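Student: To start, I am sharing the structure in question, which I have written as structure tokens.
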Amino acid sequence: MKPTKEVSLAPIHVVLWAIFPLLFLTILESLSYGLLVPVLPIATTEYFAREHNNGVPIDCVKFSNVTACVQGSKEANIWSSATSSLGSLISFIITPLVGQGSDIYGRKPFLVAAQVLHVVYPFTIMLFCIYNHDIHIYFIVKFVYNSFLTGSVVAASVADTISPHNRTTAYGGLFAIQSVFFSLAIALTEYLNTFTILVLSAVFYILRVLWCVLAFNETLSMSCRAPSYTGINPFRAMTILLKTSLFRRLSVVIALSTFAGAGLMSFRLFFFNTDLGFNKDENASFLLAVGISSMLSQGILLPLLIRLVREKGVVAISMLSYAVMSGLYLVVLATHSKLVVLVVAVCSGLGDIGFAAISSLKSTHVSEQVG
5 MKPTKEVSLA PIHVVLWAIF PLLFLTILES LSYGLLVPVL PIATTEYFAR EHNNGVPIDC
65 VKFSNVTACV QGSKEANIWS SATSSLGSLI SFIITPLVGQ GSDIYGRKPF LVAAQVLHVV
125 YPFTIMLFCI YNHDIHIYFI VKFVYNSFLT GSVVAASVAD TISPHNRTTA YGGLFAIQSV
185 FFSLAIALTE YLNTFTILVL SAVFYILRVL WCVLAFNETL SMSCRAPSYT GINPFRAMTI
245 LLKTSLFRRL SVVIALSTFA GAGLMSFRLF FFNTDLGFNK DENASFLLAV GISSMLSQGI
305 LLPLLIRLVR EKGVVAISML SYAVMSGLYL VVLATHSKLV VLVVAVCSGL GDIGFAAISS
365 LKSTHVSEQV G
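Just so we're aligned, residue 5 is where the sequence shown starts under this note's numbering, counting upward by one.
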């Protein structure tokens, strides 16, 4: 019996340099969206609160318990949750087709399409937040934003470039860098007014389009593409998720964790604002703690865990962390403790290590149709 040859892992900087165009696109995405996250719950709440206050603007951070602000928060949360949920449902149908299409036509067309669709997002926020236009245009765009996501194409693009034994390093590094710049964007919001935040975010959204069109090169060679005569088939796209018992289990894990996580992420900032009296800066501090925890978990902890417990163990730890986080929200609800909110942020960031492991497992265990 021949001894098993140990595979040497490439240094993380070498792996990340190999996917630099994709890495920089991820940085721009983190900066553009991260600037908006702390602002949106308060901006949407105050828009609806004004309607409940006879058209008179009201500060819902200072007067969070006033009836108009409570009603405004509920209405904003309903609209936000509805558009996120419907968008996620459409995304569930579209994402496999996008991935399948990227296996046939290449990754770049779908990444460019996503950037073009998303570029109007910050401008719709300006319309209702700065110029008092109808907010429903924003929610329509938000629905489209959530419907057309390209995470599968990004993961496939990494798999096109990086060898299987280095993919966990690539995904972990990519998510860690994403967390760093997401945290940086959030930290910046504490020193900027709302108008400046929206303008800066819009600039980054425009840069995303330009970078994707001009600097990002196709990663899937013509010889590796699926035959075009097969076309895009929704049933064939979904069957790959049932290909093996591993894929079936991972698909269930992703579906359940995404279902629960999306609801919590949509609701929590409204809850912090209305029940705990969080302002924009405190929302930013919470998200900054999440980002730092995610960055440290994926940049430092993930490589160690991969060596000790492999990808499946990492997924189990991730799910356990998310379960603890969900339980702690009940503690926050009962105690209104800001210290527990900090622990929630740490658990949320730790749970993010599962994304890299799941992406690596799926890309490594399928020889074709990676998208």
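Using N, Cα and C, we set each Cβ at its ideal position, and we do this for glycine too.
Only a predicted model underlies this, so the values are computations on that prediction, with no experimental measurement involved.
Work out the CA separation of Ser352 and Ala338 for me, nearest whole Å.
Tutor: So the alpha carbons of these two residues sit roughly 19 Å apart.
Student: Nearest by alpha-carbon distance to Met299: which of Ala349, Val344, Phe127 and Pro25 is it?
Tutor: Out of Ala349, Val344, Phe127 and Pro25, Ala349 has the C-alpha closest to the C-alpha of Met299.
Student: Just curious, the alpha helix (DSSP H) that Tyr175 is in, first and last residue?
Tutor: Looking at the DSSP string, the run of the alpha helix (DSSP H) that includes Tyr175 is Arg171 to Thr193.
Student: Taking the alpha helix (DSSP H) that Phe127 falls in, what are its first and last residues?
Tutor: Run containing Phe127: Tyr125 to Cys133, per the alpha helix (DSSP H) assignment.
Student: Between the Cα of Thr154 and those of Val294, Leu44 and Leu29, spot the shortest distance and give me the residue it belongs to.
Tutor: For the residues Val294, Leu44 and Leu29, the minimum Cα distance to Thr154 belongs to Leu29.
Student: CA-CA distance, Val43 and Ile23?
Tutor: If you take the alpha carbons of Val43 and Ile23, they lie about 31 Å apart.
Student: Once you ignore the five residues that flank Pro61 on each side, which residues in its own chain have a CB closer than 8 Å to its CB?
Tutor: The residues are Glu50 and Arg54.
Student: Within the continuous alpha helix (DSSP H) that includes Arg2, where are the two ends?
Tutor: Nothing in the structure corresponds to residue 2, since the chain is present only between 5 and 375.
Student: Could you tell me whether the stretch 165-185 touches the stretch 294-311, where touching means 3 or more Cβ pairs closer than 8 Å?
Tutor: The stretch 165-185 vs the stretch 294-311: in contact.
Student: For a test of the three-state rule: what should DSSP assign to Ile23, helix, strand or coil?
Tutor: If DSSP states are grouped into helix, strand and coil, Ile23 belongs with coil.
Student: Check each candidate in Gly331, Leu346, Leu13 and Leu332 and name the one with the smallest Cα separation from His169.
Tutor: The shortest C-alpha separation from His169 is found at Leu13.
Student: Using 8 Å for Cβ pairs, my map puts Phe274 next to Val345. What's the rounded Cβ distance?
Tutor: Contact doesn't hold; Cβ gap of about 14 Å is too wide.
Student: Quick one: grab the DSSP three-state call for Val107.
Tutor: Correcting the residue type first, residue 107 is Asp in the shown sequence and not Val. Helix at Asp107.
Student: Just how far apart, CA to CA, sit Thr48 and Val18?
Tutor: Cα to Cα, Thr48 sits roughly 43 Å from Val18.
Student: With the cut-off set at 8 Å, would you say Ala229 and Ser161 are in Cβ contact?
Tutor: This sequence places Arg at residue 229; Ala is not what is there. No. Outside cutoff.
Student: For Leu192, which option in Leu40, Pro15 and Trp21 has the closest C-alpha, if you only look at C-alpha atoms?
Tutor: Among Leu40, Pro15 and Trp21, the Cα nearest to that of Leu192 is on Leu40.
Student: Across the stretch 134-149 and the stretch 218-228, are there enough close Cβ pairs to call them in contact, namely three or more that are closer than 8 Å?
Tutor: Taking 8 Å as the limit for Cβ pairs, the verdict is that the stretch 218-228 does not touch the stretch 134-149.
Student: Taking the alpha helix (DSSP H) that Lys146 falls in, what are its first and last residues?
Tutor: Here the alpha helix (DSSP H) through Lys146 covers His140 to Ser151.
Student: Is it a yes or a no for the stretch 198-210 touching the stretch 328-343, going by three-plus beta-carbon pairs under 8 Å?
Tutor: Result no; under three Cβ-Cβ pairs closer than 8 Å.
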